[in-house]
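Participant: I have a structure here, written as structure tokens, and I will follow up with some questions on it.
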């Protein structure tokens, strides 16, 4: 449809998937669920009265912040052009009317607003009927994004589509030959892969730690460890997605996390919700080929991560201890998968080292907050005033990890594994340097949100790991 001047009809704009690259029903649910674990129960009770009642209830429990929603730049531009030509614009949506009015008030570009009212779900035929009653058949141009909008497009004088697939585009063009198409269809596969965070899977290399520490590299240990890495990676991705769904509001307020697939709208919330159980079941499917103890550890890991996402991440210090435990559980899982017994020294070293890294993670967040003049962390239990204490925790725990390693290297069974064990003391010095540097980098505001990801890309960290590895190999073979 060519741009009409003063004679063109009213532009009616849909909200979910059109004006905003998200769905307000799912937005409300996850916003509420992140605050109260009883939200699913409240949602089920409301659903018994209908979908419109469900939307109204969730809107009262967890209405999203209009200022941080992922708006479509193309649709906003279309609205601006329409208004510049003297036209009127209405927001008509199946989302609850309280959310619709809040968004309209924030944007300030709509002349009229209609939404679901707790009784009528304003979608499909119901929306078409309302528009006929308000503006008459052919009294508007409609901008939408789904097959549910076809009844509305049939009554409209013109059509604007937003990110629709080719099949739906063809059906709309059958109704309106000169329909305008804004934004290409979203490519979900790249966004889904990014949401799984494959760059985080390298953490699961800790599963090989017991095998390496025991110098046991036979196939009976290696093959189960490889399967364990695959299972942990799938389950961890399920957790990452669940955490992103729960953190979607706070992520959008963060300068970097707002670019994550779910927060940015690149991946629909519904797709993320489907991926959570799919990845979990896939991980369990791999784990059933491993010893039952590994499956038990994997289940414990998932339960703890869900507890972290729902509640424990907001509890200061407990959240750091839990993050350290989740790393250590990978080491335990490696022992369970390979059948290799774990020493108390190895577990103690892992616990203190990962407590230090978890504290560095919080330290980096607090430094970032201080630089942005933010006093309290969104969705966390820390204040900028806690920075000194958290930094001390990171330093102390890291130094204790070095001390545990030194004591471990003096154990008789360890001394028997190496021809020149004295070389390993140099590894302690390198680890001491690395821990100190991580704390220093975080204090200067140069740390990534995840210290392990930073270390995997940091040249000094990679050189430190290479030196430590060379020292252990040298102590064994020289």
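Numbering (this note's numbering), first residue to last: 28 to 505. Backbone N, C-alpha and C define an ideal beta-carbon position, used for all residues, glycine too. Predicted model, so just to flag it, every value in this text is computed and none were measured.
(1) How do the region 304-316 and the region 339-353 stand: do at least 3 beta-carbon pairs fall below 8 Å, yes or no?
(2) Under the three-state reduction of DSSP, which class applies to residue 365: helix, strand or coil?
(3) What residues in its chain sit with their C-beta under 6 Å from that of residue 256, if we drop five residues either side in the sequence?
(4) Taking C-alpha atoms, which residue in 325, 382, 475 lies nearest to residue 394?
(5) Would you mind reading off the limits of the alpha helix (DSSP H) that contains residue 329?
(6) Can you give the Cα-Cα distance for residue 200 and residue 258, rounded to whole angstroms?
(7) Would you call the region 241-256 and the region 272-286 in contact, with 3 or more CB pairs under 8 Å?
(8) Mind listing, in chain order, the continuous alpha helix (DSSP H) runs of no fewer than 4 residues lying wholly within the region 75-136?
(9) Less than 8 Å separating the beta-carbons of residue 171 and residue 182?
(10) Counting along the chain, where does the alpha helix (DSSP H) carrying residue 310 start and finish?
(11) List the DSSP bridge partners of residue 501.
(12) According to the Cβ coordinates, are residue 149 and residue 168 closer than 8 Å?
(13) Please state whether DSSP places residue 409 in a helix, a strand or coil.
(14) Is residue 72 buried or exposed, if buried means 16 or more other CB atoms sit within 10 Å of its CB?
(15) Taking the straight line between their C-alpha atoms, what separation do you get for residue 499 and residue 253?
(16) Can you have a look at residue 315 and say buried or exposed, based on whether 16 or more other CB atoms are within 10 angstroms of its CB?
(17) For the region 233-269, which segments carrying the alpha helix (DSSP H) assignment without a break, of at least 4 residues, lie completely within its bounds, in sequence order?
(18) So, with DSSP's three-state summary, where would you put residue 462?
(19) For residue 207, which of helix, strand or coil comes out of DSSP?
(20) Buried or exposed: which applies to residue 297, given that a residue is buried once 16 or more other Cβ atoms fall within 10 Å of its Cβ?
(21) Residues in the same chain with beta-carbon distance under 6 Å from residue 56, minus the five sequence neighbours each way, listed in chain order, please.
(22) Considering residue 425, what are the terminal residues of the alpha helix (DSSP H) in which it resides?
(23) Less than 8 Å separating the beta-carbons of residue 261 and residue 299?
(24) Please list the terminal residues of the continuous alpha helix (DSSP H) segment that includes residue 214.
(25) Name the two residues that bound the continuous beta strand (DSSP E) containing residue 438.
(26) Quick one, which of 318, 497, 38, 46 has its alpha-carbon nearest residue 111's?
(27) Hey, how far is the Cα of residue 96 from the Cα of residue 339?
(28) What did DSSP end up calling residue 143 once you bin it into helix, strand or coil?
(29) Our contact map puts residue 145 next to residue 186 with C-beta atoms below 8 Å; I'd like the distance itself, whole angstroms only.
(30) Going straight from the alpha carbon of residue 33 to that of residue 109, what length do you get?
(31) Rounded to whole angstroms, what's the CA-CA distance from residue 191 to residue 313? Just pull it up for me.
(32) By Cβ distance below 6 Å, which residues in the same chain neighbour residue 52 in space, the five residues on each side in sequence not counted?
(33) Go ahead and pull the three-state DSSP assignment for residue 479.
(34) Relative to the alpha-carbon of residue 61, which residue among 141, 133, 278 has its alpha-carbon at the smallest distance?
(35) Is the separation between the beta-carbon of residue 360 and that of residue 416 shorter than 8 Å?
(36) Thinking residue 147 and residue 155 are a contact (beta carbons under 8 Å), I'd like their distance in whole angstroms, please.
Facilitator: In this structure, then:
(1) no
(2) What you label residue 365 is simply residue 338 of the chain shown in a count that begins at 1. Helix.
(3) As a working note, residue 256 is residue 229 in the chain shown. Within the same chain, residue 256 has close Cβ partners 231, 234.
(4) Counting from one through the chain shown, the residue named residue 394 turns up at place 367. Minimum Cα distance to residue 394 is reached at 475.
(5) Residue 329 sits at position 302 when you count from the first residue of the chain shown. 319-337 is the extent of the alpha helix (DSSP H) around residue 329.
(6) Looking up residue 200 in the chain shown gives position 173. Looking up residue 258 in the chain shown gives position 231. Rounded to the nearest angstrom, the two C-alpha atoms are 46 Å apart.
(7) no
(8) 78-89, 100-111, 124-134
(9) Here residue 171 refers to the residue found at position 144 when the chain shown is read from its first residue. Here residue 182 refers to the residue found at position 155 when the chain shown is read from its first residue. Cβ distance not < 8 Å, so residue 171 and residue 182 don't count as in contact.
(10) Reading the chain shown from its first residue, position 283 is the one you call residue 310. It spans 296-314 - the alpha helix (DSSP H) in which residue 310 sits, taken as one unbroken run.
(11) Numbered from 1 along the chain shown, position 474 holds the residue referred to as residue 501. According to DSSP, which records beta bridges pairwise, residue 501 is partnered with nothing at all.
(12) Position 122 of the chain shown, counting from 1, holds the residue named residue 149. Position 141 of the chain shown, counting from 1, holds the residue named residue 168. No, they are not a contact pair.
(13) Walking along the chain shown from the start, residue 409 turns up at place 382. Looking at residue 409 - three-state DSSP - the assignment turns out to be coil, as it is neither helix nor strand.
(14) Within the chain shown, numbered from 1, the residue matching residue 72 stands at position 45. Exposed: under 16 other Cβ atoms inside 10 Å.
(15) Reading the chain shown from its first residue, position 472 is the one you call residue 499. Reading the chain shown from its first residue, position 226 is the one you call residue 253. Approximately 23 Å between the Cα atoms of the pair.
(16) In the chain shown, residue 315 corresponds to position 288, counting from 1. Burial call: exposed.
(17) 236-240
(18) As a position in the chain shown, residue 462 is number 435, starting the count at 1. In the structure shown, residue 462 sits in a helix (DSSP, three-state: H, G or I).
(19) To locate residue 207, count along the chain shown from 1; it is residue 180. Note: residue 207 maps to strand in three-state DSSP.
(20) As a working mapping, residue 297 is identified with position 270 in the chain shown. Residue 297 is exposed by the Cβ-count criterion.
(21) Locating residue 56 in the chain shown gives position 29, counting from the first residue. Here the set comprises 85.
(22) By one-based count along the chain shown, residue 425 stands at place 398. It spans 414-435 - the alpha helix (DSSP H) in which residue 425 sits, taken as one unbroken run.
(23) As a first step, residue 261 must be located in the chain shown, where it is residue number 234. As a first step, residue 299 must be located in the chain shown, where it is residue number 272. No. Outside cutoff.
(24) By 1-based counting over the chain shown, the position of residue 214 is 187. Where residue 214 is concerned, there is no enclosing alpha helix (DSSP H), given that its DSSP letter is neither H nor E.
(25) As a working note, residue 438 is residue 411 in the chain shown. Element bounds for residue 438: n/a, residue is neither H nor E.
(26) By 1-based counting over the chain shown, the position of residue 111 is 84. Among 318, 497, 38, 46, the Cα nearest to that of residue 111 is on 38.
(27) Stepping through the chain shown from its first residue, residue 96 is reached at position 69. Stepping through the chain shown from its first residue, residue 339 is reached at position 312. Roughly 26 Å separates the two Cα atoms.
(28) Mapped onto the chain shown, residue 143 falls at position 116. Residue 143 falls in the strand class under three-state DSSP.
(29) For the purposes of this step, residue 145 is identified with residue 118 of the chain shown, where counting begins at 1. For the purposes of this step, residue 186 is identified with residue 159 of the chain shown, where counting begins at 1. About 29 Å; that fails the 8 Å criterion.
(30) Start at 1 with the first residue of the chain shown, and residue 33 comes out as number 6. Start at 1 with the first residue of the chain shown, and residue 109 comes out as number 82. For residue 33, the pLDDT reaches just 39, beneath the cut-off of 50, and the residue's location in the model is therefore unreliable, leaving the point undetermined.
(31) Numbered from 1 along the chain shown, position 164 holds the residue referred to as residue 191. Numbered from 1 along the chain shown, position 286 holds the residue referred to as residue 313. Using only the alpha carbons, I get a separation of about 36 Å.
(32) As a position in the chain shown, residue 52 is number 25, starting the count at 1. Around residue 52: 82.
(33) Taking the chain shown and counting its residues from 1, one reaches residue 479 at position 452. Correct three-state label for residue 479: helix.
(34) On the chain shown, position 34 is the one that residue 61 refers to. Residue 61 has its Cα closest to that of 278, out of 141, 133, 278.
(35) By one-based count along the chain shown, residue 360 stands at place 333. By one-based count along the chain shown, residue 416 stands at place 389. Against a cut-off of 8 Å, the Cβ pair of residue 416 and residue 360 comes out as no contact.
(36) On the chain shown, position 120 is the one that residue 147 refers to. On the chain shown, position 128 is the one that residue 155 refers to. Between residue 155 and residue 147 the Cβ distance is about 13 Å, and since that is not below 8 Å, they are no contact.
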